[in-house]
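A.B. asks: Chains as they are written, first to last, in numbering that gives the first Met the number 0: chain A, 0 to 351; chain B, 0 to 351; chain C, 0 to 351.
Below you will find the structure I want to go over with you.
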Amino acid sequence: MTAQTKSNPGNYFEDFSIGMELVHATPQTVTEGDIALYRALTGNRYAQYSSAEFAKAAGLPGLAIDPIHAFHVVFGKSVPDISLNAVANLGYADGRIRRPIMPGDTLNTVSEVIGMKENSNKRTGVVWVRTRGFNQNGIEVMSFVRWVMVNKWEEDAAVPPTHIPDLPDAVPGSELEGFAPMEDWDFSLAGSPYGYEDYEIGEKINHVDGMTVEEAEHQIATRLYQNTAKVHFDAHGQKSSRFGKRLIYGGVVISIARSLAFNGLANAGQVLAINAGTHASPLFAGDTIYAWSEVLDKADLSDKAGALRLRLVAVKDQDPGAFAYKTGDGKYADGVLLDFDYWAAIPKLSGR
Amino acid sequence: MTAQTKSNPGNYFEDFSIGMELVHATPQTVTEGDIALYRALTGNRYAQYSSAEFAKAAGLPGLAIDPIHAFHVVFGKSVPDISLNAVANLGYADGRIRRPIMPGDTLNTVSEVIGMKENSNKRTGVVWVRTRGFNQNGIEVMSFVRWVMVNKWEEDAAVPPTHIPDLPDAVPGSELEGFAPMEDWDFSLAGSPYGYEDYEIGEKINHVDGMTVEEAEHQIATRLYQNTAKVHFDAHGQKSSRFGKRLIYGGVVISIARSLAFNGLANAGQVLAINAGTHASPLFAGDTIYAWSEVLDKADLSDKAGALRLRLVAVKDQDPGAFAYKTGDGKYADGVLLDFDYWAAIPKLSGR
Amino acid sequence: MTAQTKSNPGNYFEDFSIGMELVHATPQTVTEGDIALYRALTGNRYAQYSSAEFAKAAGLPGLAIDPIHAFHVVFGKSVPDISLNAVANLGYADGRIRRPIMPGDTLNTVSEVIGMKENSNKRTGVVWVRTRGFNQNGIEVMSFVRWVMVNKWEEDAAVPPTHIPDLPDAVPGSELEGFAPMEDWDFSLAGSPYGYEDYEIGEKINHVDGMTVEEAEHQIATRLYQNTAKVHFDAHGQKSSRFGKRLIYGGVVISIARSLAFNGLANAGQVLAINAGTHASPLFAGDTIYAWSEVLDKADLSDKAGALRLRLVAVKDQDPGAFAYKTGDGKYADGVLLDFDYWAAIPKLSGR
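Below is the structure:
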């Protein structure tokens, strides 16, 4: 028996086929320990994910796992099967957070291949998967589509016909689920007086603060989610890579940018949907993340709550008040790290 | 609508007034996850905050949050409203830990302005606040006074008349509250044979060990307490500051120094009062903290327990056995980081 | 009263005697917070220590503390009394994990001196201790022997006659205890299709992945276990040491290497015995750990489960596929960090 056969080689483009289902290892029970670590690593301050009392007053079952934290966990499971041989993470779409994830819940992840397209160089291809997270009762807690560019094993290998899935630009506001009723909401304790009515479509918000990321921090965070992609951890191996050093997991950028967004969006902490996401440039240890947001849309949820569709832009080592985004030719401006489009619930001021 | 209006600008000197009450965001539920992280970040080994069994034998309800940990949490909440525009944290006084804080408790913070004094340069002023921490039942678990130098918004602004609050040099030993009965106390498990009777007023203790602080460690700790002062996190922004780099939150120094004090004060883990505190010089990543203590006073609590009033001095990159403190002119000696005056409960040897 | 007398000077060779029992401070309650941190610091993905549901299906009481994590905790307690003045940790033997350690359990550690031998230089000696970990009910959860070279206080001091304990090369497979029944085992969720029958004695497994260790990471991990040996924490003091910098605790290497071993041994997560262990060379921050394993032996446990005796070798900054181990003269090859011999339970494929 030869060595190395029992380690996981990951999947190459040829290993995927439309309709294929992948049951991912390792189920993970998320606990109050995970919540404390997520806060300590990201600076999360959204009140319903910080205080059990606040959460209950807002109509949640108690102190829940932040939805973006749960997203990283569900995503992390899929890495060994989907993106171990990925050249690039190309995008997210149609992400839906269906219900609160509570301490003690165990998350499992299953992915289905919904699209494939060989690239013209015949050395790589794009694979689309719909990834679903389930709790210990088999109930779906979230789902999202992502697509990645993966290496082919052999240039000559026969490949299935191109199939590109039809994906929505955004989850429709009418389909948002799992939001807190927000019957009671203490704006003082939440940290901001601004409610649903205060935000206007097109409004941009400068989140002002910056956060520098250290090697130890992104490694600890990425392992918390059991995402083991070696580019994040292996400094010795990365010396011979394109960047010559460890790359920070894009989820670290998402979570820190959203924690910074507290300063201006303190009441909009409950993420309900991920409409799109692009990691525009890589982040390395020692870089400082800043963020700004733009209100893209609004949706009515109930008498007490609405939702904001927000573009969260993370930038590196520059004033977020410059609102850097894209240049004239449609490319991302220098220093843009992340372009993240999501829906979040926010209480209404009316009727209180 | 202009950008940046929804982020918190913090309060300037003119925004405060005597008697003003500030309800601080974000309530925080502290859990066993916080306890594990606090231990891992500080090296805390005091037995009643490490073992549920030891805590119960000592007469506590169970494994409690270390009082200094809780102090950082209550303090952290006040930062966005009190010290976001602070030039300096000038001091603490009259801190009282009134009862054990247990996992599952949710801490809220409210501050009252109790003193104001414009500085002669008319660009800054000193604000005194009494900050109180409450649990989810509205019961006060601690209170303390701190004063900070904050910027004025405008040099010409009218200011209220000077009012300097009357503060005690120390909490009287007779007013100490919330201490464990210490009916049962296993000195072997606690890590030291020395009880109340063994310590003499004037005695100095060299805590011997040193601990070096990394950027990742102080950032993780400071976020654990939801203290978001940007000087601790934003390396890019700090390049143009006086020090050119990130400053470590003073609470990190307090907690690490007190963890080092275990080696010599292992039985004196339950802090009951904070009499005074001065951050004599800044700490930066890569520096090594050492500590020594002096017994300032003793107080009888019961047949089984007493209290020591201790001066905890943290020094940087030097032998704590030199007991560096102040020079002839009353200024702090080079390398002194912290001068922290507190009361801690300690079991008596008699009657066991 | 002179300074420094109340801090712990540790024990020197003369302080030990055969049969002496040492009750170690600080009992530690391990919680879900510890589990989250251990995962985040090591990358642990073994399913029965990640998912409460998986653990229960495997016949464990629930989400347990990883046995190697518990080993570090039990070990950590013994450091202030056994190895504070140690020149070197020489080895481990006869380690037995007797039962699962659950969140909420409080671990106490007691050691007995079972061997002593003065070295010919008369400046140091070797001390063997059997260290036992107990839970809050006084039930032994693990035991192991370790031996350390410690300094003598005085060269001329009289010493007891040499006594070298009789130690097994390995725990016999027939004496393994505390393993999960593994009636139900989902190989997909565990992350590997390979069971007991698939592994052959003599087989080597390349674990492929690498993990770089930062100063903050090893310090946080080592404090999590309350191991306070100053060589791991005091950069200022270490400047004048042989290496000129902080040494990483060997337990960090064990845990990270075993986490890397998931990639090839995903079903063999439950460690039952530690047969031997040598820290062949020191690890420093910035180094990258890789690992490979060799199957040394196999043992039948039940219809559903067997055990593999594994040699886990950690190497530094080199391809683990080269299987570096020892050179012709019996010395460890360059870059070998750890030689760790253990038994782990693994489900059988038959009868499912």
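Even glycine gets a Cβ: it sits at the ideal position worked out from N, Cα and C.
1. Which residue from A/G61, A/E176, A/N266 puts its Cα closest to that of A/L348?
2. How is A/I64 classed by DSSP in three states: helix, strand or coil?
3. Could you list which residues in chain C have their beta carbon closer than 8 Å to that of B/H206, in chain order?
4. For C/T235, decide whether its Cβ has a neighbour in chain B, counting only Cβ atoms nearer than 8 Å.
5. Taking Cβ positions only, does C/R351 come closer than 8 Å to chain A?
6. Taking all protein chains shown into account, do 16 or more other C-beta atoms lie within 10 angstroms of the C-beta of C/H23, making it buried, or fewer, making it exposed?
7. Between the beta-carbon of B/L175 and the beta-carbon of B/V144, is there less than 8 Å?
8. Can you list the residues of chain B that A/M101 reaches, using a CB-CB cut of under 8 Å?
9. Closer than 7 Å by beta-carbon distance: list the chain A residues that pair up with B/L36, in chain order.
10. Are there three or more Cβ pairs, one per stretch, closer than 8 Å when the stretch 54-73 of chain B is compared with the stretch 62-81 of chain A?
11. Within the stretch 182-237 of chain B, note down every full alpha helix (DSSP H) run reaching 4 residues or more, in order along the chain.
12. Under 8 Å, with one C-beta from each stretch per pair, do the stretch 261-278 of chain A and the stretch 330-338 of chain A reach the 3-pair mark?
13. Check each residue of the stretch 247-264 of chain A: if its Cβ is closer than 7 Å to any Cβ of chain B, include it; give the result in chain order.
14. Applying the 10 Å Cβ sphere with the 16-neighbour rule, what's the burial state of A/A344?
15. Specify the secondary structure class of A/P346 as computed by DSSP and reduced to three states.
16. If you draw a straight line from the C-alpha of B/G285 to the C-alpha of C/A215, how long is it?
17. Please name the residue, chosen from B/V128, B/R129, B/K297, that lies closest to B/E199 on a Cα-to-Cα basis.
18. Scan the stretch 214-235 of chain C for residues whose Cβ lies nearer than 7 Å to a Cβ of chain A and list them as they occur along the chain.
19. Does B/A56 get closer than 8 Å to chain C when you measure Cβ to Cβ?
20. Show which residues of chain B have a CB atom less than 8 Å away from the CB atom of A/S49.
21. Between B/F12 and B/N150, how many whole angstroms is the CB-CB distance? I'm expecting something under 8 Å.
22. As a quick exercise: from C/A87, C/Y48, C/Y91, pick the residue whose alpha carbon is nearest that of C/R102.
23. To the nearest angstrom, report how far apart B/H217 and A/K244 are at their CA atoms.
24. Is it buried or exposed for B/R95, if we count other Cβ within 10 angstroms and need 16 for buried?
25. Of all Cβ atoms in chain C, is any one closer than 8 Å to the Cβ of B/R44?
26. Give me the residue from A/N84, A/T287, A/V128, A/S187 with the minimum Cα distance to A/Q317.
27. Taking the straight line between their C-alpha atoms, what separation do you get for B/S239 and B/L246?
28. What are the uninterrupted segments assigned as beta strand (DSSP E) that are 3 or more residues long and contained completely in the stretch 118-179 of chain B, given in chain order?
29. Beta-carbon of C/G32 versus every beta-carbon of chain B: anything under 8 Å?
30. Could you tell me which residues DSSP pairs with C/D296 in its beta bridges?
31. Express the C-alpha separation of A/F261 and B/Y224 in angstroms, rounding to a whole number.
32. Since C/E20 contacts C/E111 with CB under 8 Å, what's their CB separation in whole angstroms?
33. Measuring CB atoms only, is the stretch 311-331 of chain B touching the stretch 192-210 of chain B, in the sense that at least three cross pairs come out at less than 8 Å?
34. How would you call A/G42, buried or exposed, if buried means at least 16 neighbouring beta carbons within 10 angstroms?
35. Any beta-carbon of chain B closer than 8 Å to the one on C/A2?
36. Could you tell me which chain B residues have their CB closer than 7 Å to the CB of C/T105, listed as they occur along the chain?
C.D. replies: By the coordinates alone:
1. A/N266
2. strand
3. S6
4. Rather than Thr, the amino acid found at residue 235 of chain C in this sequence is His. Chain B, which has a Cβ nearer than 8 Å to the Cβ of C/H235, makes this yes.
5. no
6. buried
7. Contact: no.
8. Here the premise fails: no neighbours, minimum Cβ distance about 13 Å.
9. A35, L36, A39
10. no
11. Counting only runs of 4 or more, we get 186-189, 214-223, 234-237.
12. yes
13. The stretch 247-264 of chain A vs chain B, Cβ under 7 Å: N262, G263.
14. buried
15. DSSP, reduced to helix, strand and coil, places A/P346 within a strand of the structure shown.
16. 11 Å
17. B/K297
18. A215, E216
19. no
20. T25, P26, Q27, T28, Q225
21. Sure, about 7 Å apart at Cβ, within 8 Å.
22. What sits at residue 102 of chain C in the sequence shown is Pro, not Arg. Comparing Cα positions, the closest option is C/Y48.
23. 24 Å
24. Counting Cβ neighbours within 10 Å, B/R95 comes out buried, since at least 16 surround it.
25. yes
26. A/T287
27. 13 Å
28. 123-133, 139-150
29. Yes - at least one Cβ of chain B is within 8 Å of the one on C/G32.
30. Under DSSP, C/D296 shares a beta bridge with C/R308.
31. 16 Å
32. Indeed, because the Cβ distance is near 5 Å, the residues count as touching under 8 Å.
33. yes
34. buried
35. The predicted position of C/A2 is uncertain, since its pLDDT is 43 and thus under 50; a value taken from the coordinates is nonetheless stated next. It does: the Cβ of C/A2 has a partner Cβ on chain B nearer than 8 Å.
36. S50, A51, E52
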